[in-house]
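First the structure, in the form of structure tokens, and then the observations on it.
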RNA sequence: GCGAGCGUGGCGAAACCGGUAGACGCAGCGGACUUAAAAUCCGUUUGCCGCAAGGCAGUGCGGGUUCAAGUCCCGCCGCUCGCACCA
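Dropping the structure here:
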């Protein structure tokens, strides 16, 4: 009878045919005349080694969209590439003695073959790898262009420095204050870093978010918060007196006139520059006013004191002469920087001995304190405290008994009795106790106060940003070399464009005993001559952050083999923006913000004509992960007391043992018992026996850990190759899209796989049993296909077209999958070999093959061929529902009495309300509920529902 | 602490604009086929009461608006994510 669907032969067969027909290639704009373009892109992978089924979800979603749009007549660009620079390659080199290049390209080769197994409709002729000099040479040219345009600069910046590995660490690589690799305490160092001036576009990056209406609100909000625009005022406070020691030291050295009231040079900083970027001006602490930033100038009359950050220049200057202040700075430095530490840290400070004059009242003298809660990295690194209107200020004032008065009266409060003691009032209200601001609302008072400050030359309106410029220097080998030269006479000089590319040397050494940047210790590579003076000079040995590589790759795909330019302006103009971008929400801020910055930079450097608004991704979808149970073997319990709980649910031994462990017993917040996790186990290494899980090899019970994102480290991965061999790519594709909405995580389970596998078999069994060509659209249906069960199936099939089309367009893949099941169930249910049944069944199967083709392309092709479809289903036009069949001409109306359903009636669509009303009132099942009550109202909602209100 | 999102059967979920709650899948239960198992197929499955017809309750909790609330409003509780002393 029916043979099993043999995916092992069928899937490769169709992949070969697609490749031979070249259907996945994007057409040139000239060849695509009359077609609309669409660019579908999934965030390209880092070639870490092998692909597991968890990765497949992202690509499958993009593929469904790409295939769907191709069927709808679009010229589709759906490319794939490799984010191929990065740290893991160097780690592999150090651990296993393999060259990063070899390791990376081997991984790419393996992963390319795996991805191809999935049957993705990808234009492989456009494949790129960012570690290829053919790619990064354009990036170097672009870096020079950005530099010329003023979007690149150098700056001394604090970095996490690992003194053992001799390298900069990202914040994520600092664990408990120690280097993740070396375990050595991390030091803070000031290094000259290459910076991208992202802040130059701060205003535009923020404003344009509003127009990105096809991005998730969540991502837009995260970027909004990240950019962090804050409007307020900077205020300059004249110094009234100094502690005698400092005043004596500093005062005589002043060279400028003592015009303390004039705005200080600091005010020349552009609004977009972070405060710490000050630099050029040598401050005279005894004379320059103290600048603070505030969003609440309306509360100026409630001022109690000024507070400076521990590393504010004035705090540091005073510390040189004041032991208490020095001690305070030290205390602040000792406090941990972890989030938990910050939250726990009590507010503390020290009186710096400095006194300032209130800008609105020269006789009003306020103290200046150093305070641990003031950040040097935000605003001016100094604040004025208005305790009644800010909780931190209030806590601080209460602790040190600093006097203050409330100046904002909450709505409804009585000015005579209103007091602030423990809880600050931070909302809007009416200003009082504030002379010329009295009676104004918070908003009005802000404007009036700023106007007065401007008049007095004591302040001005300003905008602060949380957004920082992007430090792109990495002291690493496996990255794009920065095209700059350091010359003793000429300084930092750009590499002339004709000398590009600056290629990475291959002959570098990786040795655990020789840490640091291999580029830096290469015997010859960095030695060169200065392009300006021809003197001896050295190359920059820092390489670019790999986020730079991924900030423009989407544009390179439009013209991936161009040797003279990163891409042709016309081609990029044709394809960009990316119409649908698909990726993980973990890139909501950094990658997506950098790509937006880069697109603007490329535009302003004249490299890119489109998209004119600088937005690279028109529509963004952030998909959920594939998660899976974790399994591990536990060992003997360990006594408590020496363990520390980490945020990720693990505990770590305090005394140097760095092995992570799993908590098995966590009682009343006390860790009472800990099991070493000696070994994580792969899902294929364990078997479920009843309600316990055992290790195959030993038969010993295994512990089940959290359900987590598939990751190599937890071993909760299902290898793609093995799965495709066992079940086929279509089953993997179908399963990862079923069950859960695409934006939510989906748990990979054996039972879920079973459902998808059963479906594939069922579809094939039905197609094979049908065993004859299916009717084509437009074929006349026999009259027997227009009645009874045959008609019902035809209607369901045409409605399925409508629904699936809609579901794909709206990223409801799980619902589309459910429609697929529904249609198959209905086809299987229609019995009989009559003319009408055969027609209806054939038509439904043909529709089914098309509807599942974006999801399960191999199976769909096999069905299509068996049903006598012309050509490939992949290139067949998307089916169109017959409106006569899809429309419903009768509707089922529930009849409610007082909101409770009592009956149903079948009625023609659009039936007159009066008729429906009569049918409802006369219905046998309804009547009993109407006896003895008065009908107050009958609500008839056309084609929806009837509700009889009675009492 | 601030911001956002989510709470629906044993499980994953569906329910478009407020209009039949639980589509579809998994697991369960009953049955067919089979020496048996697997596979496949058919039926059934929110809970409670009832032989049944049927009834009552039901979308985290409490209130509200409405003829009608999973959906809207107010107040709680819980979970997830993002930011985190941002002045």
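In the working numbering, the protein residues as written are 271 to 1221.
We treat Cβ as the ideally placed atom computed from N, Cα and C, and that holds for glycine.
Note that the structure is predicted; figures quoted are calculated from it, not measured.
Exposed or buried, which one is residue 757 when buried takes at least 16 other CB atoms within 10 Å?
buried
Do residue 1151 and residue 1106 have their CB atoms nearer than 7 Å?
By the CB criterion at 7 Å, residue 1151 and residue 1106 fall outside the cutoff.
Going by alpha carbons, who is nearest to residue 641 out of 628, 311, 656, 621?
621
Would you check if the stretch 568-587 and the stretch 660-675 touch, i.e. whether three or more CB-CB distances between them fall below 8 Å?
yes
Using only the alpha-carbon positions, how far apart do residue 319 and residue 306 sit?
37 Å
Suppose the cutoff is 6 Å on Cβ atoms and the five residues either side in sequence are ignored; what does the same chain contact list for residue 1207 look like?
Within the same chain, 1219 come within 6 Å of residue 1207 by CB-CB distance, once the 5 residues on both sides are set aside.
Assuming residue 422 and residue 990 form a contact by the criterion Cβ under 8 Å, report the distance between their Cβ atoms to the nearest whole angstrom.
About 40 Å; that fails the 8 Å criterion.
Report yes or no: do the stretch 680-696 and the stretch 713-731 share at least 3 C-beta pairs separated by less than 8 Å?
No, the stretch 680-696 does not touch the stretch 713-731.
Is it buried or exposed, residue 797, if we count other Cβ atoms within 10 angstroms and call 16 or more buried?
exposed
Determine the extent of the alpha helix (DSSP H) in which residue 733 is found, giving its start and end residues.
Here residue 733 belongs to no alpha helix (DSSP H); instead the beta strand (DSSP E) covers 729-735.
Should residue 481 go down as buried or exposed, given a rule of 16 or more other Cβ atoms within 10 Å for buried?
By the neighbour-count rule (16 or more Cβ atoms within 10 Å), residue 481 is not buried but exposed.
Do you know offhand how far residue 1033's Cα is from residue 278's?
17 Å
Look at the alpha carbon of residue 1043 and the alpha carbon of residue 1140, and state the distance between them as a whole number of angstroms.
If I take the Cα positions, the gap works out to 11 Å.
How should residue 828 be labelled, buried or exposed, when 16 other C-beta atoms within 10 angstroms of its C-beta is the threshold for buried?
Around the beta carbon of residue 828, 16 or more other beta carbons sit within 10 angstroms, so the residue counts as buried.
Using the beta-carbon count (16 or more within 10 Å), is residue 1113 buried or exposed?
With 16 or more other Cβ atoms within 10 Å, it is buried.
Would residue 635 be called buried (16 or more neighbouring beta carbons within 10 Å of its own) or exposed?
Exposed, by the Cβ-count rule.
Let me confirm a value: residue 488 is counted as buried when at least 16 other C-beta atoms fall within 10 Å, else exposed. Which label applies?
exposed
If contacts are defined as beta-carbon pairs under 8 Å, then residue 499 and residue 476 qualify, I think. What distance do you get, rounded to the angstrom?
6 Å
Could you tell me the distance, in whole angstroms, from the CA atom of residue 1263 to the CA atom of residue 1129?
Examination of residue 1263 is not possible in this model, given that the chain is present from 271 through 1221 alone.
Which two residues bound the contiguous alpha helix (DSSP H) that contains residue 1066?
1058-1079
Under 8 Å by Cβ, that's how I've got residue 427 and residue 383 pegged, so tell me the actual separation to the nearest angstrom.
Actually they are not in contact, since the Cβ atoms of residue 427 and residue 383 sit about 42 Å apart, beyond 8 Å.
In chain order, what residues of the same chain lie with their CB nearer than 6 Å to the CB of residue 928, ignoring the 5 residues before and after it?
Confidence in residue 928 is poor, its pLDDT being 30 and thus under 50, which makes the residue's placement unreliable; the coordinate value appears in the next sentence. Taken in chain order, the list of residues that qualify is empty.
Just the Cα atoms here: how many angstroms apart are residue 316 and residue 966?
32 Å
Given a cut-off of 7 Å, decide if residue 625 and residue 643 are closer than it, judged by their beta-carbon atoms.
no
Got a sec? Which residues, its chain only, sit under 6 Å from residue 619 by beta carbon, not counting five neighbours each side?
In the same chain as residue 619, and ignoring 5 residues on each side of it, the C-beta atoms closer than 6 Å to its own belong to 639, 640, 641, in chain order.
For residue 353, count the other beta carbons within 10 Å of its own beta carbon; 16 or more makes it buried, fewer makes it exposed. Which is it?
The residue is buried, with at least 16 neighbouring Cβ atoms inside 10 Å.
Would you kindly work out how many angstroms separate the C-alpha atoms of residue 1092 and residue 1098, rounded to a whole number?
10 Å
So, helix, strand or coil for residue 1207, using DSSP?
strand
Looking only at its chain, what residues have a beta carbon closer than 8 Å to the beta carbon of residue 1189, apart from the 5 residues adjacent to it on each side?
1175, 1177
Between residue 653 and residue 562, which are expected to be in contact by the criterion C-beta below 8 Å, what is the C-beta distance as a whole number of angstroms?
5 Å
Under a Cβ-count criterion, where at least 16 other Cβ atoms within 10 Å of its own Cβ denotes burial, should residue 816 be classed as buried or exposed?
buried
Should residue 466 go down as buried or exposed, given a rule of 16 or more other Cβ atoms within 10 Å for buried?
buried
Please identify the residue among 510, 1160, 745, 295 whose C-alpha is closest to the C-alpha of residue 432.
745
If contacts are defined as beta-carbon pairs under 8 Å, then residue 754 and residue 762 qualify, I think. What distance do you get, rounded to the angstrom?
6 Å
Less than 7 Å between the C-beta atoms of residue 492 and residue 858, yes or no?
yes
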